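*Asks:* In the numbering used here, the protein residues as written are 594 to 924.
Ideal Cβ placement from N, Cα and C applies to all residues, glycine included.
What you are looking at is a predicted structure, and each value in this text was computed from that prediction instead of being measured.
Provided herewith is a single structure, encoded as structure tokens, for subsequent inquiry.
Encoded structure:
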């Protein structure tokens, strides 16, 4: 009997009929799934993602590195998240999908799936921050509304990898072994270092990297570029190019100031300030007078509580702010 309730990817992955149809192993399944899609047009994108995942799974038992599986699932989850509002309760967990894949492939694949189930995942809510120690002793400051994943156990001599959505500052321990490069994987690009301090901001359609100390290599897919201390690089995956490259110093915008609990922006447009506040606190900001968007402001805001930020912002921008639940109205 075919399952008839499909609300998330793992539901499809647990259905033998769907697997046969996706792999084109049984033509008799076509009628059912064609009719199902006609009756459920709102789930077309979901079923296409599940089908793409199944077609990418080798059904001949073989060894697959856990890092490769984690990376593929991370990219899939990123595509799903970009089509919907970020919601921790609705996000599809990589380990859940991995477990479903294990059911499909059978016991022979449980070895690498069990490794993936040892993935550590940290998620911060709006207005929440965490400091995380990685297996090699490196420290990560995870900004609000962000997600960090990594394999729980790192083998000596193997590349150190983490997956990031959102924003984080990394203070990486330098290793002597040549093979122990440190890599931050985002939906847009890979950031590779040997030992350094840097900030990665990966939201929406752009990833911004700020190098505070050391040296960084950015893998942009079709080419590689290097960064020096003070460099800020913004890359757009949609445009497939670097959209901004500049240098910063202590007197200008410091992309890692948030790690000290401060939003520090000098000569910034109102839109950029509002965007940062919306990212951190999950608020919606509306303005009555759109002329405010044409002006530049310098602000230094403590991050801990929105209740403290609002009156400081009022004085800095010379506006009146009315708060109603998660909406701020500036006039």
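Enumerate in chain order the residues of its own chain whose CB-to-CB distance from residue 726 is below 7 angstroms, with the five nearest sequence positions on each side excluded.
*Replies:* The sequence position of residue 726 within the chain shown is 133, counting from 1. Cβ within range, chain order: 732.
*Asks:* May I ask you to report which of helix, strand or coil DSSP gives residue 924?
*Replies:* Numbered from its first residue, the chain shown carries residue 924 at position 331. In the structure shown, residue 924 sits in coil (DSSP, three-state: anything other than H, G, I, E or B).
*Asks:* Going by DSSP in three states, residue 834 sits in which element: helix, strand or coil?
*Replies:* Residue 834 sits at position 241 when you count from the first residue of the chain shown. It is a strand residue.
*Asks:* With a threshold of 16 other CB atoms inside 10 Å of the CB of residue 858, please say whether the residue is buried or exposed.
*Replies:* The residue labelled residue 858 in the question sits at position 265 within the chain shown. So residue 858 ends up on the buried side.
*Asks:* Please state the DSSP three-state secondary structure of residue 789.
*Replies:* Taking the first residue of the chain shown as 1, we reach residue 789 at position 196. Reduced to three states, the DSSP call for residue 789 is coil.
*Asks:* For residue 609, count neighbouring C-beta atoms within 10 Å of its own C-beta (all shown protein chains included) and say buried if the count is 16 or more, exposed if not.
*Replies:* Translated into the one-based positions of the chain shown, residue 609 becomes position 16. Looking at its Cβ environment, which holds fewer than 16 other Cβ atoms inside 10 Å, residue 609 is exposed.
*Asks:* Pick from 796, 797, 765, 799: whose alpha carbon is nearest that of residue 785?
*Replies:* Your numbering for residue 785 matches position 192 in the chain shown. Ranking 796, 797, 765, 799 by Cα distance to residue 785 puts 765 first.
*Asks:* Is residue 759 closer than 9 angstroms to residue 741 when the C-beta atoms are compared?
*Replies:* Within the chain shown, residue 741 is the residue found at index 148, counting from 1. Within the chain shown, residue 759 is the residue found at index 166, counting from 1. Contact flag set, yes.
*Asks:* Just to confirm, is the Cβ distance from residue 862 to residue 919 under 9 angstroms?
*Replies:* Position 269 of the chain shown, counted from the first residue, corresponds to residue 862. Position 326 of the chain shown, counted from the first residue, corresponds to residue 919. No. Outside cutoff.
*Asks:* Counting only the same chain and skipping the five closest in sequence on each side, list residues whose C-beta sits under 7 angstroms from that of residue 866.
*Replies:* In the chain shown, residue 866 corresponds to position 273, counting from 1. The residues 858, 890, 892, in chain order, have a CB closer than 7 angstroms to that of residue 866 in the same chain once the five nearest residues on each side in sequence are set aside.
*Asks:* For residue 852, name the three-state secondary structure that DSSP assigns.
*Replies:* Mapped onto the chain shown, residue 852 falls at position 259. In this structure, residue 852 counts as helix in the three-state DSSP scheme.
*Asks:* Ends of the alpha helix (DSSP H) at residue 599?
*Replies:* In the chain shown, counting from the first residue as 1, residue 599 sits at position 6. Looking at the DSSP string, residue 599 is not in any alpha helix (DSSP H), and its letter there is neither H nor E.
*Asks:* Using alpha carbons as the reference points, say which of 850, 735, 743 lies closest to residue 795.
*Replies:* Residue mapping note: residue 795 aligns to position 202 of the chain shown, counting from 1. When only C-alpha atoms are compared, the closest one is 735.
*Asks:* What residue does the beta strand (DSSP E) around residue 891 start on, and which one ends it?
*Replies:* By 1-based counting over the chain shown, the position of residue 891 is 298. 889–895 is the span of the beta strand (DSSP E), which, as asked, contains residue 891.
*Asks:* Using a threshold of 9 angstroms, state whether the C-beta atoms of residue 804 and residue 790 are closer than that.
*Replies:* To locate residue 804, count along the chain shown from 1; it is residue 211. To locate residue 790, count along the chain shown from 1; it is residue 197. Contact flag set, yes.
*Asks:* What is the DSSP secondary structure of residue 622, counted as helix, strand or coil?
*Replies:* For the purposes of this step, residue 622 is taken as residue 29 along the chain shown, with counting starting at 1. The answer is helix: DSSP assigns residue 622 an H, G or I state.
*Asks:* Using 10 angstroms around the beta-carbon of residue 761, count the other beta-carbons present and answer buried if the total reaches 16, otherwise exposed.
*Replies:* The residue you call residue 761 lines up with position 168 of the chain shown. Buried: at least 16 other Cβ atoms inside 10 Å.
*Asks:* Could you check what DSSP says for residue 719 in three-state terms: helix, strand or coil?
*Replies:* In the chain shown, the residue the question calls residue 719 occupies position 126. Reduced to three states, the DSSP call for residue 719 is coil.
*Asks:* Expressed to the nearest angstrom, what Euclidean distance is found between the alpha-carbon atoms of residue 777 and residue 743?
*Replies:* On the chain shown, residue 777 is found 184 positions in, with the first residue counted as 1. On the chain shown, residue 743 is found 150 positions in, with the first residue counted as 1. Whole-angstrom Cα-Cα distance: 10 angstroms.
*Asks:* Residue 805 by DSSP, collapsed to three states: which one?
*Replies:* The residue given as residue 805 occupies position 212 in the chain shown. Strand.
*Asks:* Shortest alpha-carbon distance to residue 763 belongs to which of 837, 850, 749?
*Replies:* For this step, residue 763 is matched to residue 170 along the chain shown. Nearest neighbour of residue 763 by Cα position, chosen from 837, 850, 749, turns out to be 850.
*Asks:* Starting from residue 712, follow its DSSP beta bridges and name the residues at the other end.
*Replies:* As a working note, residue 712 is residue 119 in the chain shown. In the DSSP output, where bridge partners are listed per residue, residue 712 has 744.
*Asks:* Is the distance from the Cβ of residue 753 to the Cβ of residue 774 below 9 angstroms?
*Replies:* For the purposes of this step, residue 753 is identified with residue 160 of the chain shown, where counting begins at 1. For the purposes of this step, residue 774 is identified with residue 181 of the chain shown, where counting begins at 1. Between residue 753 and residue 774, the gap from beta carbon to beta carbon is short of 9 angstroms.
*Asks:* In whole angstroms, give me the CA-to-CA distance for residue 751 and residue 714.
*Replies:* Along the chain shown, read from residue 1 onward, the residue named residue 751 stands at position 158. Along the chain shown, read from residue 1 onward, the residue named residue 714 stands at position 121. Residue 714 has its alpha-carbon roughly 20 angstroms from the corresponding atom of residue 751.
*Asks:* Once DSSP output is grouped into helix, strand and coil, what is the label at residue 880?
*Replies:* As a first step, residue 880 must be located in the chain shown, where it is residue number 287. If DSSP states are grouped into helix, strand and coil, residue 880 belongs with the strands.
*Asks:* Under three-state DSSP, which class holds residue 727?
*Replies:* For the purposes of this step, residue 727 is taken as residue 134 along the chain shown, with counting starting at 1. Residue state, collapsed to three classes: coil.
*Asks:* Would you check if the stretch 899–916 and the stretch 830–839 touch, i.e. whether three or more CB-CB distances between them fall below 8 angstroms?
*Replies:* no
*Asks:* Using only alpha-carbon positions, find the residue among 816, 885, 823 that is nearest to residue 833.
*Replies:* Along the chain shown, read from residue 1 onward, the residue named residue 833 stands at position 240. Of the candidates 816, 885, 823, the one whose C-alpha sits nearest the C-alpha of residue 833 is 816.
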